[in-house]
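Trainee: So the protein lines, in turn, are chains W and H. Quick note: the first sequence uses the numbering used here, first residue 10, plus one each step. Quick note: the second sequence uses the numbering used here, first residue 0, plus one each step. All C-beta atoms, glycine included, are put in the ideal place defined by N, C-alpha and C.
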Amino acid sequence: MTEFLQLTVSGLGKGAVYALLALGFVIIFKATDVVNFAHGSLVLLGGYVVIATKDILGYAGAAAVGIAAAGLGALLVERLLISQSKLADPISLVLLTIGVDVIITEEIIRRLGVTAPFLGGPLEGAPLRLGNIVVFRPQLIALIVGVVLITAFFLAFRYTGWGVAMRAQAENREATALMGIRSSWVTGSAWLVAGLLAGVAVLFIATQDFSGAGLGRGTHAIALAAFPAAIIGGLDSTGGAVLGGVIVGLTEAYTAGYISFDFSESAIYLVMLLVLVARPVGLFGTRELSRV
Amino acid sequence: MGVSCGCVERHDHAVLTVTDLTVRYGRAVHALQGVSLEVPDGAVVAVLGGNGAGKSTLLRAISGTLRLHRGTIDAGEITLQGRRIDQLDPATIVRSGVVQVPEGRQVFAQMTVADNLRAGGLAAAPERRAPARERVLDLFPVLAQRRGQRAGLLSGGEQQMLSIGRALMSDPKLLLLDEPSLGLAPRLVTRIGEIVAEINDQGTAVVLVEQNATMALRVAGHAAVLEVGRVALAGTTEQFADSDEIARLYLGGHAESEEQARVEADRAATSRRTLSRWSG
Numbered sequence: 010m011t012e013f014l015q016l017t018v019s020g021l022g023k024g025a026v027y028a029l030l031a032l033g034f035v036i037i038f039k040a041t042d043v044v045n046f047a048h049g050s051l052v053l054l055g056g057y058v059v060i061a062t063k064d065i066l067g068y069a070g071a072a073a074v075g076i077a078a079a080g081l082g083a084l085l086v087e088r089l090l091i092s093q094s095k096l097a098d099p100i101s102l103v104l105l106t107i108g109v110d111v112i113i114t115e116e117i118i119r120r121l122g123v124t125a126p127f128l129g130g131p132l133e134g135a136p137l138r139l140g141n142i143v144v145f146r147p148q149l150i151a152l153i154v155g156v157v158l159i160t161a162f163f164l165a166f167r168y169t170g171w172g173v174a175m176r177a178q179a180e181n182r183e184a185t186a187l188m189g190i191r192s193s194w195v196t197g198s199a200w201l202v203a204g205l206l207a208g209v210a211v212l213f214i215a216t217q218d219f220s221g222a223g224l225g226r227g228t229h230a231i232a233l234a235a236f237p238a239a240i241i242g243g244l245d246s247t248g249g250a251v252l253g254g255v256i257v258g259l260t261e262a263y264t265a266g267y268i269s270f271d272f273s274e275s276a277i278y279l280v281m282l283l284v285l286v287a288r289p290v291g292l293f294g295t296r297e298l299s300r301v
Numbered sequence: 000m001g002v003s004c005g006c007v008e009r010h011d012h013a014v015l016t017v018t019d020l021t022v023r024y025g026r027a028v029h030a031l032q033g034v035s036l037e038v039p040d041g042a043v044v045a046v047l048g049g050n051g052a053g054k055s056t057l058l059r060a061i062s063g064t065l066r067l068h069r070g071t072i073d074a075g076e077i078t079l080q081g082r083r084i085d086q087l088d089p090a091t092i093v094r095s096g097v098v099q100v101p102e103g104r105q106v107f108a109q110m111t112v113a114d115n116l117r118a119g120g121l122a123a124a125p126e127r128r129a130p131a132r133e134r135v136l137d138l139f140p141v142l143a144q145r146r147g148q149r150a151g152l153l154s155g156g157e158q159q160m161l162s163i164g165r166a167l168m169s170d171p172k173l174l175l176l177d178e179p180s181l182g183l184a185p186r187l188v189t190r191i192g193e194i195v196a197e198i199n200d201q202g203t204a205v206v207l208v209e210q211n212a213t214m215a216l217r218v219a220g221h222a223a224v225l226e227v228g229r230v231a232l233a234g235t236t237e238q239f240a241d242s243d244e245i246a247r248l249y250l251g252g253h254a255e256s257e258e259q260a261r262v263e264a265d266r267a268a269t270s271r272r273t274l275s276r277w278s279g
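Next up, the structure:
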């Protein structure tokens with residue numbers, strides 16, 4: 010029972026991180042109809058900026074700059090590339106994001122050399138005890154931060170003018186334009202928010218106790234697990250992204266704990282396949298993926 | 000017959016002036032050719048014509064949404080109170096006071112009625128939102144009753160009212176309506192006509208694109224008929240009403256009430272007519 014609780018809390022913590030990333034996928038898809046395969050490279054970008062500025066700014070400052078950099082990076086991808094090719098085929102846009110992903114990722118890995126540094130900070134350190142279960146810091150703090158950010162996101166999405174504009178544009182681009190809502194403002198802000206969330210996520214992913222993988226291809230691979238999370242929940246459902254993130258996090262934790270660590274990654278994709286067979290649009294999705 | 004052809008007289012007080020507008024889609028399809036239209040201050044102008052005549056294209060050109068349909072303005076200009084707007088983006092055009100209600104209503108079906116109205120008011124200055132909202136709920140009390148409901152669950156007529164209400168949330172000087180009567184029961188068509196008149200009485204000019212010429216001509220002061228991308232006829236609605244030829248060509252077949260529909264059906268049965276030009 011203790012092990013189960015421990016795996017559950019750990020899985021929820023990882024799930025919160027996946028949820029932040031999946032939420033980014035989903036809002037980009039809703040705003041631009043683009044599946045953003047460059048998301049993993051934005052995660053790396055944020056982490057890289059943290060590493061590069063940590064010695065000068067201290068951890069907190071570097072974390073803030075890293076988050077901002079990931080957000081700005083996403084915004085630039087949208088402004089310089091996606092928005093310039095509005096009428097392009099959705100498939101070319103997907104390939105475009107893959108190209109961006111390769112360029113940013115390879116450049117960062119080239120700069121880091123053979124090292125795959127951990128970001129450190131208060132997220133590293135002795136595990137925390139909750140009664141008789143032991144939880145690693147990044148998982149527990151991720152769970153708290155994730156709940157706060159996701160709640161804030163949903164409140165904004167539901168109640169602010171930004172949220173109204175986002176939802177309107179996701180439903181009907183032309184009618185939204187006819188309301189005088191600037192579509193570039195909506196899409197730009199969607200990419201910015203998605204990038205910021207990616208910047209937050211990397212603070213947890215590139216730590217010793219979250220994955221054992223430092224900043225590098227390992228981080229990139231973990232960030233990609235947010236993709237099945239978004240698919241499971243339904244690519245156009247924000248609530249689904251959160252649920253998908255939690256499902257992926259728990260699947261990973263349980264399979265790693267009860268079966269084998271090496272099986273945990275394929276388990277995520279197995280769950281995704283099962284969900285897609287049963288419900289091709291994902292659990293809460295409404296749009297078929299045929300247009301991707 | 001007293002109806003001028005294509006040649007629009009100039010008024011000093013025009014809200015909107017369209018001059019020699021030519022629009023094409025893609026490389027070759029000319030949807031409009033040399034179309035001119037003038038909307039006098041505070042007027043309702045009806046634009047009539049069949050499917051494919053270019054009515055929606057004309058509205059898209061005015062609202063700046065042509066590009067979303069891969070259309071481009073090849074020639075001509077559109078001015079709003081003397082200022083050119085044909086180069087502006089849709090958001091700027093809305094902010095300068097022109098709002099289009101799209102064909103087929105296009106409410107945000109997943110969003111509540113209240114959020115739909117909010118979306119309509121996002122482009123308006125914050126201090127103008129509350130009065131605009133009051134005006135809309137005054138015009139359409141049903142929207143206040145249904146404010147928490149998803150727009151997709153409203154009836155067709157209610158959706159049309161929401162679509163118009165949403166457009167009025169930005170307090171426009173000029174409202175462009177694209178076939179508001181489409182798919183509605185005759186009784187509702189009459190109601191939509193009354194609403195258009197009411198909106199106009201409150202000081203908003205209206206361009207009313209319709210296939211239901213009977214309703215449109217009752218509400219409008221001026222009218223133009225589009226035929227394959229050109230203005231075939233233009234004039235005041237009195238001129239239109241006086242002309243039997245026009246009535247036969249353009250106004251046949253659109254019953255406005257159930258009773259009228261019955262009468263017309265009887266008449267059609269007795270005097271076998273040739274196919275109406277606007278059979279769409």
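1) Which residue or residues does DSSP assign as beta-bridge partners of ARG229(H)?
2) What's the C-alpha gap between LYS63(W) and GLY225(W)?
3) Which first and last residues belong to the alpha helix (DSSP H) in which TYR27(W) is found?
4) ALA97(W) touches chain H at which residues, Cβ-Cβ below 7 Å?
5) Give the secondary structure of ASP114(H) by DSSP, where H, G and I count as helix, E and B as strand, and everything else as coil.
6) Using 10 angstroms around the beta-carbon of GLU157(H), count the other beta-carbons present and answer buried if the total reaches 16, otherwise exposed.
7) For the alpha helix (DSSP H) holding THR106(W), just list the boundary residues, first then last.
8) Determine the burial state of TYR57(W): buried for a count of at least 16 other Cβ atoms within 10 Å of its Cβ, exposed for fewer.
9) Show which residues of chain W have a CB atom less than 7 Å away from the CB atom of LEU65(H).
10) Our contact map puts PHE236(W) next to ALA151(W) with C-beta atoms below 8 Å; I'd like the distance itself, whole angstroms only.
11) Keeping to the same chain, check which residues put their C-beta closer than 6 Å to that of LEU187(H); ignore five residues upstream and five downstream.
12) Taking the alpha helix (DSSP H) that TYR267(W) falls in, what are its first and last residues?
13) With a threshold of 7 Å on Cβ separation, who are the neighbours of TYR27(W) within its own chain once the five nearest residues in sequence on each side are excluded?
14) Would you mind listing the beta strand (DSSP E) stretches within the region 133 to 217 of chain W that are 3+ residues and don't spill past its ends, in chain order?
15) In the region 175 to 186 of chain W, which residues sit with their C-beta less than 8 Å from some C-beta in chain H, listed in chain order?
16) Express the C-alpha separation of ALA199(W) and VAL44(H) in angstroms, rounding to a whole number.
17) Going by DSSP, what residues sit across from ARG134(H) in a beta bridge?
18) Using DSSP's beta-bridge definition, name the partner residues of TYR278(W).
19) For GLY227(W), which residues in chain H fall below 8 Å Cβ to Cβ?
20) Could you round the C-beta distance between THR185(W) and SER192(W) to whole angstroms and report it? I think they count as a contact, below 8 Å.
21) Quick one, which residues of the region 112 to 124 of chain H are near chain B if we go by CB-CB under 7 Å, in chain order?
22) If we call anything under 8 Å between Cβ atoms a contact, is LYS39(W) one with ALA262(W)?
23) Identify the contact partners of MET281(W) in chain H, using a Cβ-Cβ distance below 8 Å as the criterion.
24) Pull up the distance between the alpha-carbon of GLY140(W) and that of LEU142(H), whole angstroms please.
25) On a Cα-Cα basis, can you pick out the residue from LEU206(W), VAL173(W), ILE231(W) that is closest to THR216(W)?
26) Taking only beta-carbon atoms, is GLN99(H) less than 8 Å away from chain W?
27) Helix, strand or coil, according to DSSP, for GLU76(H) in the structure here?
28) Indicate the three-state DSSP secondary structure (helix, strand or coil) for ARG82(H) in the structure shown.
29) Going by the beta-carbon positions, is the gap between GLY189(W) and SER169(H) smaller than 8 Å?
30) In terms of residue numbering, what span does the alpha helix (DSSP H) encompassing ALA196(H) cover?
31) Would GLY249(W) count as contacting chain H if we go by Cβ distances under 8 Å?
32) Can you name the residues of chain H whose CB is closer than 8 Å to the CB of VAL173(W)?
33) My output table needs one value for THR247(W): the three-state DSSP class, helix, strand or coil.
34) Taking Cβ positions, are ILE60(W) and ALA203(W) nearer each other than 8 Å?
35) Is the shortest distance between the beta-carbon of GLN105(H) and the beta-carbons of chain W less than 8 Å?
36) Alpha carbon to alpha carbon, how far is VAL290(W) from MET10(W)? Give it in angstroms, no decimals.
Mentor: Well, looking at it:
1) In DSSP, ARG229(H) forms a bridge with GLU226(H).
2) LYS63(W) and GLY225(W): Cα-Cα distance of roughly 17 Å.
3) Looking at the DSSP string, the run of the alpha helix (DSSP H) that includes TYR27(W) is 11 to 41.
4) Within 7 Å Cβ-Cβ: nothing; ALA97(W) doesn't reach chain H, min ~13 Å.
5) Helix at ASP114(H).
6) Residue environment for GLU157(H): buried (at least 16 other C-beta atoms within 10 angstroms of its C-beta).
7) Annotation for THR106(W): the continuous alpha helix (DSSP H) segment containing it runs 99 to 121.
8) It counts as buried.
9) What LEU65(H) touches in chain W, judged by beta-carbon distance under 7 Å, is nothing: the nearest beta carbon there is about 11 Å away.
10) Not really, about 18 Å apart at Cβ, beyond 8 Å.
11) GLY156.
12) Note, TYR267(W): premise wrong, no alpha helix (DSSP H); not H, not E.
13) Cβ within range, chain order: ALA234, ALA235, ALA238, GLY254, VAL257, GLY258.
14) Runs of the beta strand (DSSP E) inside the region 133 to 217 of chain W: 137 to 139, 142 to 144.
15) Closer than 8 Å at the C-beta level to chain H, one finds these residues of the region 175 to 186 of chain W: ARG176, ALA177, GLU180, ASN181, ARG182, GLU183, ALA184, THR185, ALA186.
16) Whole-angstrom Cα-Cα distance: 40 Å.
17) Answer by DSSP bridge pairing: none, since ARG134(H) is not bridged.
18) Note: TYR278(W) sits in no beta bridge, so no partner.
19) For GLY227(W), none of the residues of chain H pass the 8 Å Cβ criterion, the least Cβ distance being about 39 Å.
20) Their Cβ separation, rounded to whole angstroms, is 7 Å, which keeps THR185(W) and SER192(W) in contact under 8 Å.
21) Considering every chain present, this structure includes no chain B. Its protein chains are W and H.
22) Annotated as distal: LYS39(W) and ALA262(W), with beta-carbon spacing of 8 Å or more.
23) Per Cβ cutoff of 8 Å: no residues; MET281(W) is ~25 Å from chain H at best.
24) Using only the alpha carbons, I get a separation of about 54 Å.
25) Sorting LEU206(W), VAL173(W), ILE231(W) by C-alpha distance to the C-alpha of THR216(W) places ILE231(W) at the top.
26) Yes, because at least one Cβ of chain W sits closer than 8 Å to the Cβ of GLN99(H).
27) Looking at GLU76(H) - three-state DSSP - the assignment turns out to be strand.
28) Assignment of ARG82(H) by DSSP, reduced to helix, strand and coil, places it in the strand class.
29) Yes, they are a contact pair.
30) Per DSSP, ALA196(H) belongs to the alpha helix (DSSP H) from 185 to 200.
31) Taking Cβ atoms only, chain H never reaches closer than 8 Å to GLY249(W), which makes this a no.
32) Neighbours of VAL173(W) on chain H, chain order: MET110, ASP114, ARG117, ALA118, LEU121.
33) In this structure, DSSP gives THR247(W) a helical state, which the three-state scheme calls helix.
34) The Cβ atoms of ILE60(W) and ALA203(W) do not sit closer than 8 Å to each other.
35) Yes, contact with chain W.
36) So the alpha carbons of these two residues sit roughly 35 Å apart.
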